[in-house]
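Residue numbers (our numbering): 100 to 396. The beta carbon of each residue, even a glycine, is placed where N, CA and C say it ideally should be.
The following block contains the structure:
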């Protein structure tokens with residue numbers, strides 16, 4: 100576990116985002132909500148994309164009250180259903196004139212085996228496929244809004260991941276930690292591939308590890324895992340601390356010319372060797388396109 104953040108001076112920036120539009124998935128709780136609050140304070144228009152609209156209503160009130168900004172909206176998005184993703188993207192493309200920052204933050208973690216509406220294993224389906232499709236459907240709007248940024252929230256767990264191209268949906272055998280690590284590795288590989296395709300277009304892409312954060316994602320841990328998490332909780336981050344690297348990737352001026360990198364504790368970090376494998380990245384890209392029936396120009 101990286102303890103660097105305990106000793107490093109906290110990152111902060113007064114950068115403003117006036118006249119910028121930011122879309123954050125999974126913004127009704129945890130680091131997504133804290134990111135929305137921070138970027139709203141910087142003057143951005145915030146679109147909170149949430150699955151649970153009841154929770155979203157509460158989060159919306161908190162963000163508006165906490166930021167003093169009225170320019171915050173909630174929209175329904177279920178990343179486990181491509182129909183919902185398509186409808187959501189259609190609405191955004193129709194209603195929004197620009198999208199300067201897309202933050203693919205939502206995720207599920209170590210959940211029991213389940214499938215999305217389209218038959219994907221839940222973790223690869225939500226954490227990777229859902230965001231891959233969403234980004235694809237919004238990319239033209241993003242390209243018209245340059246300079247623009249795309250941020251994929253990954254995890255240190257990607258270090259334990261491998262991409263099983265022959266059984267991406269874990270149908271031959273399921274281990275929830277293995278499937279989670281695979282989905283987080285997919286986030287880093289997607290970032291690399293996307294950065295290459297967007298080279299020279301003034302759209303930059305980043306992946307990051309937010310830290311070991313106390314969030315709702317822990318709800319699927321079994322009793323021994325929960326006990327370990329309780330033990331290490333003094334070294335974990337709050338949602339506010341966990342949101343800092345996302346915010347850094349969204350606003351840091353010095354990252355304006357960087358693309359495709361992986362970040363942790365508000366600084367560039369090393370990703371795993373498999374996460375730097377361009378061959379695997381390309382194969383995952385092609386597989387994702389096939390499974391989602393999309394093609395990128």
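So, at 6 Å on beta carbons, what are the nonlocal neighbours of residue i in its own chain, with the 5 sequence-adjacent residues on each side left out?
i, result
"residue 197", "120, 244"
"residue 141", "115, 116"
"residue 306", "251, 253, 286, 287, 290, 361"
"residue 226", "206, 282"
"residue 331", "Confidence is the limiting factor: at residue 331 the pLDDT is only 48, short of 50, which leaves the residue's position unreliable and the question unanswerable from this model."
"residue 213", "221"
Could you tell me which residues DSSP pairs with residue i in its beta bridges?
i, result
"residue 359", "According to DSSP, which records beta bridges pairwise, residue 359 is partnered with nothing at all."
"residue 191", "Residue 191 is not bridged to any residue."
"residue 127", "Bridge partners of residue 127: none, in fact."
"residue 306", "251, 361"
"residue 366", "363"
"residue 120", "144"
"residue 171", "145"
"residue 200", "121, 248"
"residue 214", "220"
Evaluate residue i with the Cβ neighbour count: other Cβ atoms within 10 Å of its Cβ, from every protein chain shown; 16 or more gives buried, anything less gives exposed.
i, result
"residue 50", "Residue numbering for the chain in the displayed model covers 100 to 396; residue 50 lies beyond these limits and cannot be assessed."
"residue 378", "exposed"
"residue 185", "exposed"
"residue 394", "exposed"
"residue 369", "exposed"
"residue 222", "buried"
"residue 113", "exposed"
"residue 355", "exposed"
"residue 152", "exposed"
Closer than 8 Å by C-beta to residue i: which residues in its own chain qualify, once you throw out the five before and the five after it? Chain order, please.
i, result
"residue 237", "122, 188, 191, 192, 198, 201"
"residue 174", "146, 147, 148, 149, 187, 190, 191"
Please return the same chain residues whose Cβ sits closer than 7 Å to the Cβ of residue i, not counting the five positions on each side in sequence.
i, result
"residue 367", "360"
"residue 256", "279, 280, 283"
"residue 242", "300, 302"
Please look up how many angstroms separate the CB atoms of residue i and residue j, rounded, as I've assumed it's under 8 Å.
i, j, result
"residue 279", "residue 110", "Actually they are not in contact, since the Cβ atoms of residue 279 and residue 110 sit about 27 Å apart, beyond 8 Å."
"residue 133", "residue 338", "5 Å"
"residue 391", "residue 267", "About 12 Å; that fails the 8 Å criterion."
"residue 204", "residue 131", "4 Å"
"residue 179", "residue 136", "Actually they do not touch by this definition, with Cβ atoms about 26 Å apart."
"residue 349", "residue 138", "6 Å"
"residue 176", "residue 124", "6 Å"
"residue 381", "residue 292", "7 Å"
"residue 195", "residue 240", "7 Å"
"residue 258", "residue 371", "5 Å"
Next on the checklist: Could you check whether the stretch 267-282 touches the stretch 231-250, counting it as contact only if at least three pairs of C-beta atoms, one from each stretch, sit closer than 8 Å?
Outcome noted: no
Item to check | Inter-stretch contact at 8 Å, needing at least 3 Cβ pairs: the stretch 360-367 / the stretch 140-159 | outcome: no
Checklist entry - So, do the stretch 337-345 and the stretch 293-313 have three or more beta carbon pairs nearer to each other than 8 Å? => result yes
Next on the checklist: Three or more C-beta pairs under 8 Å: does that hold for the stretch 207-218 against the stretch 160-173?
Outcome noted: no
Checklist entry - Are at least three pairs of beta-carbons, each pair with one atom in the stretch 263-272 and one in the stretch 295-304, less than 8 Å apart? => result These segments do not touch.
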